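Right, one structure below, let's go through it.
In UniProt numbering, the protein residues as written are 1 to 93.
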């Protein structure tokens with residue numbers, strides 16, 4: 001959180017204090033979504049924003065399901081092998 005605070009131009013302890021100070025807690029949830037064998041029969045998630053502080057994604061480089069919105073357009077994110085995607089959530093925005 002310190003590095004993120006500094007890169008946002010804030011005091012280095014700003015985000016840590018905003019999330020509870022020294023008593024800051026963390027939650028981790030691990031989900032696995034395999035490639036669907038019949039994608040024409042499935043629905044994805046509806047558009048949403050991430051309510052937490054930060055989401056780390058390790059995408060499958062063969063599954064192109066993540067999209068981000070820029071203005072009124074949705075852009076498909078092309079996964080990069082062995083790279084994490086870091087989403088800053090609503091609580092930090």
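Think of the CB as a built atom: it goes at the ideal place given N, C-alpha and C, for glycine as much as any other residue. Quick caveat: nothing in here was measured; it's all calculated off a predicted structure.
Cut-off 7 Å between Cβ atoms - residues of its own chain near residue i, not counting five sequence neighbours on either side
{"i": "residue 56", "result": "84, 86"}
{"i": "residue 62", "result": "35"}
{"i": "residue 37", "result": "none"}
{"i": "residue 12", "result": "2, 5, 6"}
Residue interval of the alpha helix (DSSP H) (run including residue i)
{"i": "residue 16", "result": "14–18"}
{"i": "residue 30", "result": "Neither: residue 30 is in no alpha helix (DSSP H) and is coded neither H nor E."}
{"i": "residue 6", "result": "2–7"}
Own chain, CB closer than 6 Å to residue i, minus 5 neighbours either side, in chain order
{"i": "residue 66", "result": "77"}
{"i": "residue 1", "result": "15, 16"}
Proximity below 7 Å, CB of residue i to CB of residue j
{"i": "residue 44", "j": "residue 91", "result": "no"}
{"i": "residue 50", "j": "residue 89", "result": "yes"}
{"i": "residue 59", "j": "residue 39", "result": "no"}
Nonlocal neighbours in the same chain, by C-beta distance under 8 Å from residue i, ignoring five residues either side
{"i": "residue 68", "result": "74, 75, 77"}
{"i": "residue 3", "result": "none"}
Minimum Cβ-Cβ distance from residue i to chain D less than 7 Å
{"i": "residue 88", "result": "Protein chains in the displayed structure number just one, and chain D is not present."}
* In chain order, which continuous runs of the alpha helix (DSSP H) of length 4 or greater are located wholly inside the segment 33–90? -> none
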